Each structure stands twice: as structure tokens, then as C-alpha cells.
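Have a look at the structure below, then the notes.
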Amino acid sequence: MSIKIDRENCTGCGSCINSCLYGGITLFDGKAKLIPEKCILCGACVEACPVGAIIIKDEKKEKKIDISQYKGVWIIGEHYNNKIKNYVYQLLGKGRELADKLKVELTIILLGSELDENLEELGMYGADRVIYVKSPLLRNYYSEIYVNVITDLIIEYKPEIVLVGATPIGRDFAPRISKRLQTGLTADCTGLDIDQETRNLLLQTRPTFGGNIMATIRTPNSRPQMSTIRPGMFKVPKKMDKKPKIKIIEGKFKESDISTNIVKIIKRGKKRINLEEAQIVVAGGRGIGSKENFKIIKDLAKELNAEVAGSRVAVELGWIDPERQVGQTGKTISPRLYIACGISGAIQHKVGILCSDIIVAINKDPNAPIFEIAHYGIVGDLHKVVPAITREIRRLKEEEKVRKY
Amino acid sequence: MKIFVCIKQVPAISEVKIDRKTGTLVREGVPGMINPMDKNALELALSIKENTGADVIALSMGPPQAEEILRESLAMGIDKAYLLTDRAFGGADTLATSYTLSLAIKKILKETEESKNYLVVCGAQAIDGDTAQVGPELAEELNIPQITNVRYVELSENKIIAESIFQSDEIAVIECKLPVLITVLKELNVPRFPTISGIVDAFDYKEVVHWNAKDLDADIQKIGLEGSRTQVYKIFIPPQKNEYIKLSGTIEDVAKDLCQKLKEDKIL
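Protein chains in written order, with my numbering: chain A, 1 to 405; chain B, 1001 to 1268.
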């Protein structure tokens, strides 16, 4: 693949220079000139050129697969001890939307041992079809079985899109499947859409370069188009009246055929914090100042019956437990209310909270990026503002009590 | 026994800055370093070497300046280092990267007539790309099993026992015969620092072997941009969002206002 500039057509307008994030193109002698060491062949300049003087060459010599054979959107489900994970329903919602745009079926694949009771309900979340592979062994996760079974199903049914949760399990089996099928896989996507102008390609958006830049990635020449999706990015859809087609496949796996052997499973004693499913989350960042000061955050959270969370800085400074970290390297959450106290709002943090219904930002710096995504903003000293909010909520509760009597 | 450690050079900053004036990424003058989890992978290999005398080999695919991180790994005590570098490797996605790495591993195995007795260790993910895909894809390419997200490893004879984290509240203890590929987490160990004599050795006596596409006899359809199935379609700075409702006044007013608004939104 290469980029060519047609010097005769080039008007030297400079549009391409502004479009390039890498500084990979410059003007030389009044004409655009490529700087090969900087160019990453992203093609932004090709689109930006008003006269079509920049051409990206992408002639593949390899035999192309017939992508038109591939139809349908698939979700690969995940469960924990046979309880289907919440993010799977979120993916069904998004999957439904994509399937409707493409006018194709939405299928969910599940591998488990005792999921029979849950299959019917998946239709109500949008699935047209459920394929359930059943075996007592599948109570637990086996990398090899997942890879073999899902790859074979993809080869048999030829879906055009396969979506997997970006969880430790999803990120374990999905890359191997994509390799076996020699197709593209985009990791940890935060947004998905269909580009209806260009052959119905899947547009997969994810943060890149540590997070302050977003990249949209496509898989134009191979199928299926595979992505892992960050849990918490989409809402669980409203239930609809739909009955899915159900296909149950009895898996005949033997433990002795698998190269990895689960010796035992150790429960970790810690109480599980479920930030992902919390309705209200109150979070603190660098502005909190110390571990002791986190008390005001905890007080407010208690009054709101909310979970406490922290930014990466708060976690790194040891002010709060790593399990409570929100953002790119922590949890992605979608509460009804998110209150960010003393969090500047680096993009890594923002991608973790974008799906919140209401975001309240409290920060002393009026230019803090957190305000860009806030619904309500308070510029001020959080050490005063937060306790005042706590007091006001307490007062309202008292008032409520009095009214009841 | 051989242990292959795959490492990556990443920018030594947590986020790449954007020059708002020109709209380009500021990449010059950003120092490179070994991806943090890859250091844990190196440490694991070195501690196994101390107990078993295994032969430890570090591999990296990248531009010529990635030689620095291989020198550093030599200084930590790695036996041999290979840099896979070629313009043709540029623009690789994880599919192409894992193919290229697999060629080097296969070549070394063949040259040393080792076929089964080896372990591949990768960091669970890199801090710049965050994909966590190269490890599993490399295992598939080598046709060996994998254990990802490992936080503890024990090696005995020709098998390993690893603790892997797939659920936040449980640890799976998994056993597997060699060869196997594992990807490791930060909590696995504390990477050692290079010693002075290690640094002297690394720069004066040890060698970083450079291999290009031809040395690896690579299929050019499978490397670099050509071998990539994903394509960056657009790179953009996320749009700055609409105006928010600014609450101001005395602290008490602000608190009251906020609660009022949240009531209207039916949250309180």
C-alpha cells in the first residue's frame, strides 16, 4: 500500500497538511510532498484533497474472499457460573441496531452447562437466534474449546460481524479465532457503527495512543469483521416482544483432549464491588488532596446510597482501592448519576463515564476537560462544595420525613 | 530449555500530546522504554533461568531504535536478543506482528534443534496499543496452548502451573505441558534493575542480532501494512462537547441548585 501525489493536479492548497495528524505531508515547490518517515498511510489526506490529487494504492494481489457470502451479526455471550453477564445484554442492544441497519439477523452464541432457562429471554433483548453449545465442561472457561467451537461455527454460518466482550475471557479467545480465520480484530472498542456509504463496513472506534485520540478502524477485505467491546459502553435495551429461534448443540468434549487443565479455582475473599451496575457513583481525583480527604466523598456517597470511585491518579497515590478505578485502565460505568470531584477529566477517564445519564463536575479549574462532558458544572473548592451538597441532601431527606408524618 | 520473551518499545509517557496549533501528534523527543508488563515477562524468564539454566531469548519487532530496549534486557541478564526490523514490517496490526514474531521463534528453534521444550512469555498488554492480542495470536501461529493474564507461575519438569485471572473474584489454577505461551500481569513479580556489570556486558560484549524480512524468509503478503487486516480509517481528536449548565453563587446556593436540578431529572 502506498500514497501517491499527482503533482500536476495538486493546487498546493494545503488542505492535506491540515488533515494529517502525523505531520507526514508538507509543501515543497508549491506542491504537496509526502514525508515517508512520518506517514502512517492512514489516508486522511486522500479524503481531504479537494481535487483528488492524492491517491492511496491498495491493490491486494492476494485472492480476495467473497465478502458478500457473509451475512448477519453475532454476539459471543459470556457467563459466570451460568449467569449471563450484564454486558451481554448491552451488546445485544447495539447488535440489534447494527443488524437493523444491515437488514440481517442477530445471533447470540453461548457456551455453557446450565443456561437452558435463559435462552428464551435473549429474544426479548433483540436476538433473532440463539445458538447454545452445551457441555458439563463448559461451566468453566476453556480457551481451547471456545476457540475451536466458535471458529467452526463461524466457518459454517459465515456471519459478517462478530462482537465479543473486551473482558479477560473475550480477549483470550477472540485474538486466536481472528488469527485462525486470518481476519481483522479491533480491540476494546468504545463505539460501533455501520458505514452505509461504503459497502456496509463496520466502523470500530477506540481510544488510541494512550487515550487522547480516537481511531476509527475498518476491516475492509476479510470476514468476519471482529471486535472486542468494552463493557459498559452501551445501554441494556428495553425488552421487546420477540421469540428467538433456538438451536442447542450438545458438545462432546473430553477433558483429556484439552491441553490445559484447570487444577482448581480459588475464590478471592474480597467483597465484589460492582461499579458497573451502580446507579449512582461519586468519584474523586487528584483535587481531593489526600486519603483522609476522601471521607467527604464517602459521606456524600453514603447519603446518596452510591458507590465510591476514583480516577487513576487517586488509585496510584493509594487513596482508593484499585478495584474502584474508573476510566480506560479501570472500569467503564454507566450510572444514572456520576459526580466527579476534583477530577480534571483526561480522555482516559472520560471514556469510562461517557455513558452516564447525568454527569456533575466539581473542579476549581474552569478549563478542566471534565466540564466538556458535564451536564452540570460547579467551579469551586470541592472541599467546601461537596460537604454542602451532602448537607443539602440530608436536609431534603429530613424535610421528606417531616412531610410524611 | 528455551524461554522466548517478546517485548515492545513504547513511549515513556502515559499519553501522547497533540500540538493544538498544527493538529499533529507530538512524537519527537518522546523517550522510549520497555513496555511495563514486558519487564515482568523478562523478570520471570530470568528467575526461571536461575533455577533451571534455561536459555533466555528476547525478541522485539520495531524500528532500529528499539535496539535500546533489547540492550536493556541484555543488561538485565538475557542471553540473546533479536531485533526484527525492516521497513516492510511497518504499519503492522497484531495479525502481522504475531506472524513476524512467530517466524523468528521458529527460526531459532530450528537452528538450535529444539522443538518441544520451550516457553513463550509476553506482557499481557502494551500501554500504547492496549490490544492484548499479539500474545494469543502468536500462540495460535505457533500452534501451542496459551494461558493469559497470569499472576503466578511454577515450572516443574516439562509443565507449568499458572494462576490466571479471568473473573475479578476468583483465580484459576491451570496446568499445561510445554510448549506453551503465557501472558503476564504486573503483579507477577518485581522486575530487577540491570547491574553495572550487566550494562557493561550488554553494551560491550553482547550483540543484538538484526533480522529483516529476508532473513526471516517472510511472506510479504503477511507482514507490515500489507499483512494487516484492520485499517485505520480515521484518526480524530474527540469533539469537545456542548455547553454544560454552570451552577454558581454561594456554596449553599450551588448545593441547593444542584439538588433541585437532580430532582427535576428524577434522580433524587
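A virtual CB, placed ideally from N, CA and C, is assigned to each residue, including glycine.
A quick note: this is a predicted structure, and the numbers were derived from the prediction, not measured.
Which residues in chain A sit within 9 Å of residue i, going by Cβ to Cβ distance?
i                       : result
residue 1098 of chain B : 175 and 179
residue 1145 of chain B : 143, 144, 258, 259 and 260
residue 1245 of chain B : 374, 375, 376 and 377
Would you please state the rounded distance, in angstroms, between the beta carbons of residue i and residue j? I believe it to be under 8 Å.
i                       : j                       : result
residue 340 of chain A  : residue 283 of chain A  : 6 Å
residue 207 of chain A  : residue 359 of chain A  : Not a contact, Cβ separation roughly 18 Å.
residue 44 of chain A   : residue 1234 of chain B : 7 Å
residue 406 of chain A  : residue 1246 of chain B : Residue 406 of chain A lies beyond the residue range present for chain A, which begins at 1 and ends at 405; the question has no answer from this structure.
residue 1133 of chain B : residue 218 of chain A  : With 8 Å as the limit, residue 1133 of chain B and residue 218 of chain A do not qualify as a contact, their Cβ atoms being about 17 Å apart.
residue 1031 of chain B : residue 1012 of chain B : 4 Å
residue 1078 of chain B : residue 1009 of chain B : Rounded, the Cβ-Cβ distance is 15 Å, inconsistent with contact.
residue 41 of chain A   : residue 5 of chain A    : Not confirmed; about 13 Å, so no contact.
residue 53 of chain A   : residue 9 of chain A    : 4 Å
Residues of chain B with a CB under 7 Å from the CB of residue i: which are they?
i                      : result
residue 141 of chain A : 1166
Listing by chain order, which chain B residues have their CB less than 8 Å from the CB of residue i?
i                      : result
residue 385 of chain A : 1251, 1254 and 1255
residue 358 of chain A : 1262, 1265 and 1267
residue 203 of chain A : 1233
Buried or exposed for residue i, please, with buried defined as at least 16 other CB atoms from any protein chain shown within 10 angstroms of its CB.
i                       : result
residue 28 of chain A   : exposed
residue 405 of chain A  : exposed
residue 150 of chain A  : buried
residue 1137 of chain B : buried
residue 62 of chain A   : Here the model assigns residue 62 of chain A a pLDDT of 47, short of 50, so the residue's position is not dependable, and the following value carries that caveat. With fewer than 16 other Cβ atoms within 10 Å, it is exposed.
residue 96 of chain A   : buried
residue 59 of chain A   : Annotation note: pLDDT 49 at residue 59 of chain A (below 50); position unreliable, coordinate value reported separately. Exposed, since its Cβ has fewer than 16 Cβ neighbours within 10 Å.
residue 183 of chain A  : buried
residue 1048 of chain B : buried
residue 229 of chain A  : buried
residue 1156 of chain B : exposed
residue 1081 of chain B : buried
residue 363 of chain A  : buried
residue 254 of chain A  : exposed
residue 398 of chain A  : exposed
residue 1207 of chain B : exposed
residue 1249 of chain B : exposed
residue 143 of chain A  : buried
residue 274 of chain A  : exposed
residue 1004 of chain B : buried
residue 1053 of chain B : exposed
Below 8 Å on C-beta distance, what does residue i contact in chain A?
i                       : result
residue 1259 of chain B : 389, 392, 393 and 396
residue 1173 of chain B : 262, 263, 264, 265 and 266
residue 1149 of chain B : 168 and 172
residue 1161 of chain B : 263
residue 1177 of chain B : 259
Which chain B residues sit within Cβ distance under 9 Å of residue i?
i                      : result
residue 185 of chain A : 1093, 1094, 1095, 1131, 1133, 1137, 1229 and 1230
residue 215 of chain A : 1232, 1233, 1234, 1235 and 1236
residue 188 of chain A : 1130, 1131 and 1132
residue 418 of chain A : Any answer about residue 418 of chain A is impossible in this case: the structure gives chain A only from 1 up to 405.
At 7 Å on the CB atoms, spell out the chain A contacts of residue i, in chain order.
i                       : result
residue 1141 of chain B : 179
Validate contact between the stretch 1218 to 1227 of chain B and the stretch 1072 to 1089 of chain B using beta carbons, cut 8 Å, 3 pairs
Here the stretch 1218 to 1227 of chain B lies against the stretch 1072 to 1089 of chain B, with 3 or more beta-carbon pairs under 8 Å apart.
Inter-stretch contact at 8 Å, needing at least 3 Cβ pairs: the stretch 84 to 95 of chain A / the stretch 64 to 71 of chain A:
They do not touch, by the three-pair rule.
Note down, in chain order, all residues in the stretch 219 to 238 of chain A with a beta-carbon under 8 Å from any beta-carbon belonging to chain B.
Taking 8 Å as the Cβ-Cβ cut-off, the stretch 219 to 238 of chain A approaches chain B at 219, 220, 221 and 222, given in chain order.
Residues within the stretch 367 to 379 of chain A neighbouring chain B, beta-carbon criterion of under 9 Å:
Within the stretch 367 to 379 of chain A, the residues whose Cβ lies closer than 9 Å to any Cβ of chain B are, in chain order, 369, 371, 372, 373, 374, 375, 376, 377, 378 and 379.
For the stretch 44 to 55 of chain A, which residues have a CB atom closer than 9 Å to at least one CB atom of chain B, in sequence order?
Cβ contacts with chain B come from 44 and 47.
Beta carbons nearer than 8 Å to chain B: which residues of the stretch 67 to 100 of chain A have them?
Result list: 80.
Pair every Cβ in the stretch 1240 to 1259 of chain B with every Cβ in the stretch 230 to 242 of chain A, then say whether three or more of these pairs are closer than 8 Å.
Not touching, per the Cβ criterion.
Specify whether the stretch 122 to 135 of chain A and the stretch 97 to 110 of chain A touch according to this definition: at least 3 beta carbon pairs, one from each stretch, less than 8 Å apart.
Touching, yes, given that three or more Cβ pairs across the two stretches are closer than 8 Å.
Kindly confirm or deny that the stretch 305 to 324 of chain A and the stretch 187 to 207 of chain A touch, where touching means at least three C-beta pairs closer than 8 Å.
Fewer than three pairs of CB atoms, one per stretch, sit closer than 8 Å, so the stretch 305 to 324 of chain A makes no contact with the stretch 187 to 207 of chain A.
Counting beta carbon pairs with one atom in the stretch 1153 to 1167 of chain B and one in the stretch 237 to 250 of chain A, are three or more of them shorter than 8 Å?
Contact fails: fewer than three Cβ-Cβ distances are below 8 Å.
What are the residues in the stretch 325 to 338 of chain A lying within 9 Å of chain B by C-beta distance?
Listed by position, the residues of the stretch 325 to 338 of chain A near chain B (Cβ gap below 9 Å) are 328, 329, 336 and 337.
Do three or more CB pairs link the stretch 1143 to 1158 of chain B to the stretch 1168 to 1178 of chain B at distances below 8 Å?
Cβ pair count under 8 Å is three or more, so yes.
Count Cβ pairs between the stretch 392 to 405 of chain A and the stretch 1096 to 1109 of chain B that sit closer than 8 Å; are there 3 or more?
Because the criterion of three Cβ pairs below 8 Å is not met, the stretch 392 to 405 of chain A and the stretch 1096 to 1109 of chain B do not touch.
Please confirm if the stretch 1115 to 1133 of chain B is in contact with the stretch 1036 to 1054 of chain B, defined as three or more CB-CB distances below 8 Å between the two stretches.
Yes: at least three Cβ pairs fall under 8 Å.
Listed in chain order, which residues of the stretch 1194 to 1226 of chain B have Cβ atoms closer than 7 Å to some Cβ of chain A?
From the stretch 1194 to 1226 of chain B, only 1221, 1225 and 1226 have a Cβ closer than 7 Å to chain A.
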